[in-house]
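Have a look at the structure below, then the notes.
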Amino acid sequence: MNRMRALSTTPFVDERAVESCCPPLSERPLSIEEAEAAAQLFKALGDPIRLRLLSAIASHKDGEACVCDVSDVGVSQPTVSHHLRRLREAGLLISERRGTWIYYRVDPATLAAMGRILSAASAKA
Numbered sequence: 022m023n024r025m026r027a028l029s030t031t032p033f034v035d036e037r038a039v040e041s042c043c044p045p046l047s048e049r050p051l052s053i054e055e056a057e058a059a060a061q062l063f064k065a066l067g068d069p070i071r072l073r074l075l076s077a078i079a080s081h082k083d084g085e086a087c088v089c090d091v092s093d094v095g096v097s098q099p100t101v102s103h104h105l106r107r108l109r110e111a112g113l114l115i116s117e118r119r120g121t122w123i124y125y126r127v128d129p130a131t132l133a134a135m136g137r138i139l140s141a142a143s144a145k146a
């Protein structure tokens, strides 16, 4: 029997808080808490290797990839695993173990929340 088990994650940012984390930057000044939550998300993408890994996973067939599919980013395999863990902890990746491999996919809710933060505030009628 082939059983898939989701890996537990410990996100830096509460997943429920991501959805309502922060208003668009142009709407009003962020509170200390909002700025800290947003900074953790963006900090995870502040490394070029992490950004390349996220891009490789997002653009991979079916929007998911195992570490063997994305490990050619110019660093050792343990370093790739470290960066994938950081992206997962930040809530940007969802991971699932299938046999001996771990498959990663981008969390669309977290990316959407990050996009909302950077978007212009909605026009008020």
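Residues 22 to 146 (my numbering) make up the sequence shown, in order.
The beta carbon of each residue, even a glycine, is placed where N, CA and C say it ideally should be.
This one's a predicted model, so the numbers in the text were calculated from it and none came from an experiment.
Taking buried to mean at least 16 other C-beta atoms within 10 Å of its own C-beta, is residue i buried or exposed?
i: residue 116; result: buried
i: residue 121; result: exposed
i: residue 109; result: buried
i: residue 53; result: exposed
i: residue 131; result: buried
i: residue 119; result: exposed
Report the three-state DSSP secondary structure of residue i (helix, strand or coil).
i: residue 28; result: Low per-residue confidence applies at residue 28: pLDDT is 41, beneath 50, and the placement is therefore not dependable enough to give any value.
If you draw a straight line from the alpha carbon of residue i to that of residue j, how long is it in whole angstroms?
i: residue 140; j: residue 111; result: 21 Å
i: residue 78; j: residue 50; result: 33 Å
i: residue 88; j: residue 133; result: 24 Å
i: residue 128; j: residue 84; result: 10 Å
i: residue 124; j: residue 70; result: 18 Å
i: residue 80; j: residue 47; result: 30 Å
i: residue 137; j: residue 43; result: 8 Å
i: residue 45; j: residue 98; result: 37 Å
i: residue 29; j: residue 114; result: With a pLDDT of 39 at residue 29, under the threshold of 50, the predicted position of this residue should be treated as unreliable, though the coordinate-derived value follows. Approximately 12 Å, taken between the alpha carbons.
i: residue 17; j: residue 107; result: Outside the shown range of the chain (22 to 146) lies residue 17, about which nothing can therefore be said.
i: residue 64; j: residue 126; result: 19 Å
i: residue 76; j: residue 82; result: 12 Å
Going by alpha carbons, who is nearest to residue i out of the options?
i: residue 68; options: 57, 126, 96, 136; result: 96
i: residue 94; options: 86, 103, 74; result: 74
With hydrogens ignored, establish whether the beta-carbon of residue i is closer than 8 Å to any heavy atom of the ligand ADP.
i: residue 129; result: Absent from the structure shown: the ligand ADP. Ligands present: none.
Every unbroken alpha helix (DSSP H) within the segment 36 to 123, with a cutoff of 4 residues, ordered by chain: 36 to 40, 53 to 65, 69 to 80, 88 to 91, 98 to 110
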